[in-house]
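Note sheet for the following structure.
Protein chains: 2
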Amino acid sequence: MRRGSNQLRLADYNQAVVLELVRRSRGVSRADLQRESGLSSQTISNITRRLIDEQLIRESTPGGSARGRPSIPLVTDPDGAYSVGVHIDPARLTVVLLDLAGEVRLGRQEHTPQVTDPSEVTAFIADTVHGLITEAGVDRARVLGLGIAAPGPLDADAGVLLDPPQLPNWRDVRLGADLREATGLPVLLGKDVTAAATAELRASQETSNTFVFLYLGSGVGASVVLDNQVVRGTTNNIGEVGDLLVDSDAEQLEWSGRRGGLAAACVPEALVLQAARVGLMPLPDLNDYVAVDDACSALCARAAEGDAVAARLLRRAAHRVAVGLGVLVNLLDVPRVVIGGPLWDRLSPAFLPVMGDLVARELVAARGVEVQGSAVGDRVAAQGAAELVLDQFLAPRASALMVGRPARGDG
Amino acid sequence: MRRGSNQLRLADYNQAVVLELVRRSRGVSRADLQRESGLSSQTISNITRRLIDEQLIRESTPGGSARGRPSIPLVTDPDGAYSVGVHIDPARLTVVLLDLAGEVRLGRQEHTPQVTDPSEVTAFIADTVHGLITEAGVDRARVLGLGIAAPGPLDADAGVLLDPPQLPNWRDVRLGADLREATGLPVLLGKDVTAAATAELRASQETSNTFVFLYLGSGVGASVVLDNQVVRGTTNNIGEVGDLLVDSDAEQLEWSGRRGGLAAACVPEALVLQAARVGLMPLPDLNDYVAVDDACSALCARAAEGDAVAARLLRRAAHRVAVGLGVLVNLLDVPRVVIGGPLWDRLSPAFLPVMGDLVARELVAARGVEVQGSAVGDRVAAQGAAELVLDQFLAPRASALMVGRPARGDG
Numbered sequence: 001m002r003r004g005s006n007q008l009r010l011a012d013y014n015q016a017v018v019l020e021l022v023r024r025s026r027g028v029s030r031a032d033l034q035r036e037s038g039l040s041s042q043t044i045s046n047i048t049r050r051l052i053d054e055q056l057i058r059e060s061t062p063g064g065s066a067r068g069r070p071s072i073p074l075v076t077d078p079d080g081a082y083s084v085g086v087h088i089d090p091a092r093l094t095v096v097l098l099d100l101a102g103e104v105r106l107g108r109q110e111h112t113p114q115v116t117d118p119s120e121v122t123a124f125i126a127d128t129v130h131g132l133i134t135e136a137g138v139d140r141a142r143v144l145g146l147g148i149a150a151p152g153p154l155d156a157d158a159g160v161l162l163d164p165p166q167l168p169n170w171r172d173v174r175l176g177a178d179l180r181e182a183t184g185l186p187v188l189l190g191k192d193v194t195a196a197a198t199a200e201l202r203a204s205q206e207t208s209n210t211f212v213f214l215y216l217g218s219g220v221g222a223s224v225v226l227d228n229q230v231v232r233g234t235t236n237n238i239g240e241v242g243d244l245l246v247d248s249d250a251e252q253l254e255w256s257g258r259r260g261g262l263a264a265a266c267v268p269e270a271l272v273l274q275a276a277r278v279g280l281m282p283l284p285d286l287n288d289y290v291a292v293d294d295a296c297s298a299l300c301a302r303a304a305e306g307d308a309v310a311a312r313l314l315r316r317a318a319h320r321v322a323v324g325l326g327v328l329v330n331l332l333d334v335p336r337v338v339i340g341g342p343l344w345d346r347l348s349p350a351f352l353p354v355m356g357d358l359v360a361r362e363l364v365a366a367r368g369v370e371v372q373g374s375a376v377g378d379r380v381a382a383q384g385a386a387e388l389v390l391d392q393f394l395a396p397r398a399s400a401l402m403v404g405r406p407a408r409g410d411g
Numbered sequence: 412m413r414r415g416s417n418q419l420r421l422a423d424y425n426q427a428v429v430l431e432l433v434r435r436s437r438g439v440s441r442a443d444l445q446r447e448s449g450l451s452s453q454t455i456s457n458i459t460r461r462l463i464d465e466q467l468i469r470e471s472t473p474g475g476s477a478r479g480r481p482s483i484p485l486v487t488d489p490d491g492a493y494s495v496g497v498h499i500d501p502a503r504l505t506v507v508l509l510d511l512a513g514e515v516r517l518g519r520q521e522h523t524p525q526v527t528d529p530s531e532v533t534a535f536i537a538d539t540v541h542g543l544i545t546e547a548g549v550d551r552a553r554v555l556g557l558g559i560a561a562p563g564p565l566d567a568d569a570g571v572l573l574d575p576p577q578l579p580n581w582r583d584v585r586l587g588a589d590l591r592e593a594t595g596l597p598v599l600l601g602k603d604v605t606a607a608a609t610a611e612l613r614a615s616q617e618t619s620n621t622f623v624f625l626y627l628g629s630g631v632g633a634s635v636v637l638d639n640q641v642v643r644g645t646t647n648n649i650g651e652v653g654d655l656l657v658d659s660d661a662e663q664l665e666w667s668g669r670r671g672g673l674a675a676a677c678v679p680e681a682l683v684l685q686a687a688r689v690g691l692m693p694l695p696d697l698n699d700y701v702a703v704d705d706a707c708s709a710l711c712a713r714a715a716e717g718d719a720v721a722a723r724l725l726r727r728a729a730h731r732v733a734v735g736l737g738v739l740v741n742l743l744d745v746p747r748v749v750i751g752g753p754l755w756d757r758l759s760p761a762f763l764p765v766m767g768d769l770v771a772r773e774l775v776a777a778r779g780v781e782v783q784g785s786a787v788g789d790r791v792a793a794q795g796a797a798e799l800v801l802d803q804f805l806a807p808r809a810s811a812l813m814v815g816r817p818a819r820g821d822g
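First to last, the sequence lines map onto chains E and G.
Okay, so the first sequence: first residue is 1 according to this note's numbering, each after it adds one.
Okay, so the second sequence: first residue is 412 according to this note's numbering, each after it adds one.
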């Protein structure tokens, strides 16, 4: 019994190893797979036949340059499986359908419903997900699951939002269970910043990735990638940097955030409060995240159009954010900072040209740091949530095997 | 040629694997080694014979409880190899001799010479190291090397101190080369906080270790251990947290540090400046780290004796340090903070009883955090530097082998 069960797991594991090698390549021959996996030629032959039968991979057209009989490259079959990623920002709901090749097949951004009952948001998400799958016209049975990227703190294992400051009334909401029931899909809950870092890491062209990801949306957060590994934190709640002090002389805003903190420096609510204070615009309803987000868009647009007061306000925000980034880089000694999230498109014209120099000024060691905008764009967290679902279902899990034993034998 | 070279490296690698298994155990049988390494019985037999011949391991007394013929436990031979660790704090120089069992055989703490020429300090270190080895009466040929823990920023690979704010006049000092020449020993340079975290990790009784180490000495620094791995930073300069803002309303001190920063909250120079300002003591010569350190000792002693002003000053320092630790815990989501370094013995009576609660107040997620004093004590960085030398010379290096291939074959 025991032995049989181990062998079954080994076969599954080896199949997952091979699928992973195909997913991470742009076309790989059976000989390559044999070399990279250490599995026998017969095992590779069996596994690839099974993966082709299951429509998870397919044979592609051989290149013509090599001598002799060209080897047939195996590639992922994009329609073999899908996942859906949802990013719940308090103002913007982003939903993407990802295919097995890691491409976004269809994406959508909606206003997050400004309601007091979280179940209305859950229902809205379920409807949006359903609509997206239908509109994409893909086989629903091949949608592996639903990944949710949400503000923390959260209990990822239980699928519960604990008490996110960004989502009032969402105390102890069983988002995982509720969405599973509403959609019929397995649900994976993760933190917005972690999901964003995951997508950014996958999109990177570098072989070695160590960076801090600064997330700017209705809230601010950070995540860390060390040597191509996304750091999640012991309770999956990495990156709460809103209270990090960045300006001792900052004004006291009429809100709950810490005076002089990173959140007070750059989240839409704080920027809008600052703008209203200097008479740039009337104050929107601060309980309405969409109204705040729209007001922030207006502020950024005015700065882009040359309004000196608006531009100065964003310049000050950039200085403060740079102090915060300096703290993170000084602490973690990373060579790169990536900034993204739903707010980034609007702030980047003011931030990106100056941020590298501003952060460099904060550094103790003269090591230099590169500051970049997200390569993925403002759906980065939704995409990362969808990628985490594909990984959850498809990636080989060493934990399922005995540690220290190489995976061998015929699959 | 190529093949032969690989086989030689494989044999060395396997020997290092076995030695590592013995070092990390409290006695392990040949059968255990075979199981844990995956190597053949014959290979284990060959390797252990060689390690015994080289006096790196020895046979210990079998326990009596098992049935049948008791297996002979193999243990490290403490006298098989040694390393020396030196911790250069600007005020205190700590030197330890570590044996192969990881025990400190002999340790010494001296005042760091307050001289403008770094070469005088280098000569003093070399003399101290020589004296320690002589006093311990160990075989000098078995001292593998010298580990140096120093304040950053530094270039660990080149063995050069770049421009440490804590060590004026030490700009671009080639400490590695100079000490190698002066002692005849291979030298490994590392950052104080990294060395401290290494020793703390080794001393831990936990199987899973994720923590932030806060280093308190003439300067303040931090290091991070994630899943039993010491994070070093891309340039080996992790943990520059002195500029981290912890008190927006802090007084302006007559020094070069950032107003309201973590260094201004807790390093001896800042504490002594604060004490002098409220009339507790005259100001020592601030260019003399030893004098500053002694004045700080006097301040801590007065607080311990019940002086209300001194106690209040340290209480305020504890509050500020807690804000800084809150930032680190909120960012990294670690369950534990360990505080140590040469200043810790003096601050812990004021800090330790209150720090857990103070940090908990700063946390966004109600996850709780444990705050502990170093289990190693104030020679933690010197000990860590010595441990890094043993690792450098003895630990198996996967990078020396092809990735993905298990190490097999007869060693």
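Quick reminder that beta carbons are idealized off the backbone N, C-alpha and C, glycines included.
> Does the separation of the CB atoms of G/Gln685 and G/Leu724 fall below 8 Å?
Replying inline: yes
> Roughly how many whole angstroms lie between the Cα atoms of E/Asp157 and G/Leu742?
Replying inline: 20 Å
> Taking contact to mean at least 3 C-beta pairs separated by less than 8 Å, is the stretch 276 to 285 of chain E in contact with the stretch 327 to 347 of chain E?
Replying inline: no
> Quick one: Cα of G/Gly415 to Cα of E/Gly63, how far?
Replying inline: Because the pLDDT of G/Gly415 is 35, which lies under 50, any placement of that residue in the model is unreliable, and the number read from its coordinates should be weighed accordingly. So the two alpha carbons sit approximately 36 Å from each other.
>> Considering just the uninterrupted stretch of the alpha helix (DSSP H) at G/Ala614, what are its terminal residues?
In response: Run containing G/Ala614: 603 to 614, per the alpha helix (DSSP H) assignment.
>> Does the structure place the stretch 765 to 776 of chain G close enough to the stretch 146 to 166 of chain E that three or more beta carbon pairs sit under 8 Å?
In response: Yes: the two stretches touch, three or more of their Cβ pairs being nearer than 8 Å.
>> Below 8 Å on the Cβ atoms is my contact criterion, and I expect G/Gly735 with G/Val642 to pass it. Report the Cβ-Cβ distance as a whole number of Å.
In response: Going by Cβ atoms, the distance from G/Gly735 to G/Val642 rounds to 18 Å, so no, they are not a contact pair.
> Comparing alpha-carbon positions, which option in E/Asp288, E/Cys296, E/Cys300, E/Leu216 lies nearest E/Leu412?
Replying inline: Residue 412 of chain E lies beyond the range of chain E shown here (1 to 411); nothing can be said about it.
> Can you give the Cα-Cα distance for G/Ala502 and G/Tyr493, rounded to whole angstroms?
Replying inline: 26 Å
>> Bridge partners for E/Ile339 per DSSP, in chain order?
In response: E/Leu214, E/Gly373
>> Between E/Gly102 and chain G, is any beta-carbon pair separated by less than 8 Å?
In response: no
> E/Asn6: buried (16+ other C-beta within 10 angstroms of its C-beta) or exposed?
Replying inline: With a pLDDT of only 44 at E/Asn6, under the threshold of 50, the placement of this residue in the model should not be trusted; the figure read from the coordinates follows. With fewer than 16 other Cβ atoms within 10 Å, it is exposed.
> So what's G/Ser432 in DSSP terms, helix, strand or just coil?
Replying inline: Looking at the sequence itself, residue 432 of chain G is Leu, so the reference to Ser does not match. If DSSP states are grouped into helix, strand and coil, G/Leu432 belongs with the helices.
>> What does the Cβ neighbour count give for G/Ala442, buried or exposed, with the cut at 16 atoms within 10 Å?
In response: exposed
>> What would DSSP say about E/Val241, mapped onto helix, strand or coil?
In response: coil
> What is the rounded straight-line gap between the Cα of G/Glu680 and the Cα of G/Val703?
Replying inline: Each residue's alpha carbon lies about 6 Å from the other.
>> For E/Glu370, which residues in the same chain have their Cβ closer than 6 Å to its Cβ, ignoring the five residues on either side in sequence?
In response: Arg336
> From this set, G/Asn698, G/Ile468, G/Asp789, G/Pro764, which residue's C-alpha is nearest G/Ser440's C-alpha?
Replying inline: Per the C-alpha coordinates, the member of G/Asn698, G/Ile468, G/Asp789, G/Pro764 positioned closest to G/Ser440 is G/Ile468.
> According to DSSP, is E/Gly159 helix, strand or coil?
Replying inline: Coil at E/Gly159, not helix or strand.
> Does the beta-carbon of G/Asp510 have 16 or more other beta-carbons within 10 angstroms, so that it is buried, or is it exposed?
Replying inline: buried
> Taking the continuous beta strand (DSSP E) assigned at G/Ile559, which residues delimit it?
Replying inline: 554 to 561
> Under 8 Å between C-beta atoms, does G/Arg778 make it to chain E?
Replying inline: yes
> Looking only at its own chain, which residues have a Cβ that is under 6 Å from the Cβ of G/Val584, when we skip the five neighbours before and after it?
Replying inline: Pro529, Leu572
> So G/Gln525 and G/Val701 are in contact, right, with Cβ under 8 Å, and what is the actual spacing, rounded?
Replying inline: 6 Å
> Which one of E/Val225, E/Ala317, E/Leu51, E/Asn236 has the shortest CA to CA distance from G/Gly644?
Replying inline: E/Val225
> the stretch 767 to 801 of chain G: which residues have C-beta closer than 9 Å to a C-beta of chain E, in chain order?
Replying inline: Glu773, Leu774, Val775, Ala776, Ala777, Arg778
>> When you compare the CB of G/Asn698 with every CB in chain E, is at least one pair closer than 8 Å?
In response: no
> Which residues of chain G have a Cβ atom closer than 8 Å to the Cβ of E/Thr112, listed in chain order?
Replying inline: Here the premise fails: no neighbours, minimum Cβ distance about 21 Å.
> Given a limit of 9 Å on CB to CB distance, which residues of the stretch 641 to 661 of chain G reach chain E?
Replying inline: Val642, Arg643, Gly644, Thr645, Thr646, Asn647, Asn648, Ile649, Gly650, Glu651, Val652, Gly653, Asp654, Leu655, Leu656, Val657, Asp658, Ser659, Asp660, Ala661
>> Looking at the strands, I want to know which residues DSSP matches up with G/Asp589.
In response: According to DSSP, which records beta bridges pairwise, G/Asp589 is partnered with nothing at all.
> Helix, strand or coil: which one does DSSP assign to E/Ala16?
Replying inline: helix
>> Taking the alpha-carbon of E/Asn228 as reference, which of E/Thr235, E/Glu206, E/Arg277, E/Leu97 has the nearest alpha-carbon?
In response: E/Glu206
>> Below 8 Å on C-beta distance, what does E/Leu226 contact in chain G?
In response: Leu637, Val642
> Quick one: is G/Val720 buried, meaning 16 or more other Cβ sit within 10 Å of its Cβ, or exposed?
Replying inline: exposed
>> The alpha helix (DSSP H) that contains G/Ile455, what's its start and end?
In response: Run containing G/Ile455: 452 to 464, per the alpha helix (DSSP H) assignment.
> Which residues in the same chain have their Cβ closer than 8 Å to the Cβ of G/His522, if we skip the five residues on either side of it in sequence?
Replying inline: If the five residues before and after G/His522 are omitted, its C-beta is found closer than 8 Å to the C-beta atoms of Ala502, Arg503, Leu504, Val701, all from its own chain and listed in chain order.
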